[in-house]
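*Asks:* Dropping a structure here in structure tokens format, bear with me for questions.
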Amino acid sequence: MQPEQNMNDATFSLMLGLSVFALWTYSEEPWLAILPAFFMAFGDGVTGIIRNKLFARRTKSAWGNLGMAIVCLPAGWVIGASLTPALPLWGALSGAVASFVERYEFGPIDDNVLIVVASSLVLLLGLAIGPL
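Going by this note's numbering, the letters in the sequence shown line up with residues 608 to 739, in that order.
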């Protein structure tokens, strides 16, 4: 059984697995499928670095969101542009949404889950609608 304080580790892993499966199955694009994981690993990682440098404690700030956006928007654009058909705006939009939702936690649903779910939904919507 997972201890209560570590439950977000389990839910994040589950959501990330479902995200990769859904995006890869729907798009057959492995790079697109791992984009939400990239946002989590590198974008959310940057927020931690910024937080530690500016505040030296666990807190959420607009500076962290800005740092995450600086990492995630270009990554989303580049990976989106590499697809056929190219979806660079959807990729960048998914990075923007991930950067925005990083600031929020709703009870047992923390930012790790929100980043993966929100960016995956944007990418699935982009695949369904097509290029902007």
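Glycine included, each C-beta is placed from N, C-alpha and C at the ideal position.
What is the DSSP secondary structure of Phe646, reduced to helix, strand or coil?
*Replies:* It is helical.
*Asks:* Nearest to Pro681 by CA position, among Gly671, Pro692, Ser668 and Ser701, is which residue?
*Replies:* Nearest C-alpha to Pro681: Ser701.
*Asks:* When you compare the segment 707–719 with the segment 655–666, are there three or more beta-carbon pairs, one atom per stretch, that lie closer than 8 Å?
*Replies:* At 8 Å Cβ cutoff, the stretches do not touch.
*Asks:* In the DSSP assignment, what residue or residues form a beta bridge with Phe713?
*Replies:* According to DSSP, which records beta bridges pairwise, Phe713 is partnered with Ile716.
*Asks:* Where Ala676 and Thr654 are concerned, what is the direct C-alpha to C-alpha distance, given to the nearest angstrom?
*Replies:* C-alpha separation (whole angstroms): 10 Å.
*Asks:* Output needed for Gly698: all residues of its chain with C-beta closer than 6 Å, excluding positions within five of it in sequence on either side, in chain order.
*Replies:* Correct list, in chain order: Gly683, Trp684, Ile686 and Gly687.
*Asks:* Under 8 Å, with one C-beta from each stretch per pair, do the segment 645–652 and the segment 730–737 reach the 3-pair mark?
*Replies:* As far as the Cβ criterion goes, the segment 645–652 does not touch the segment 730–737, which means the pair count is below three.
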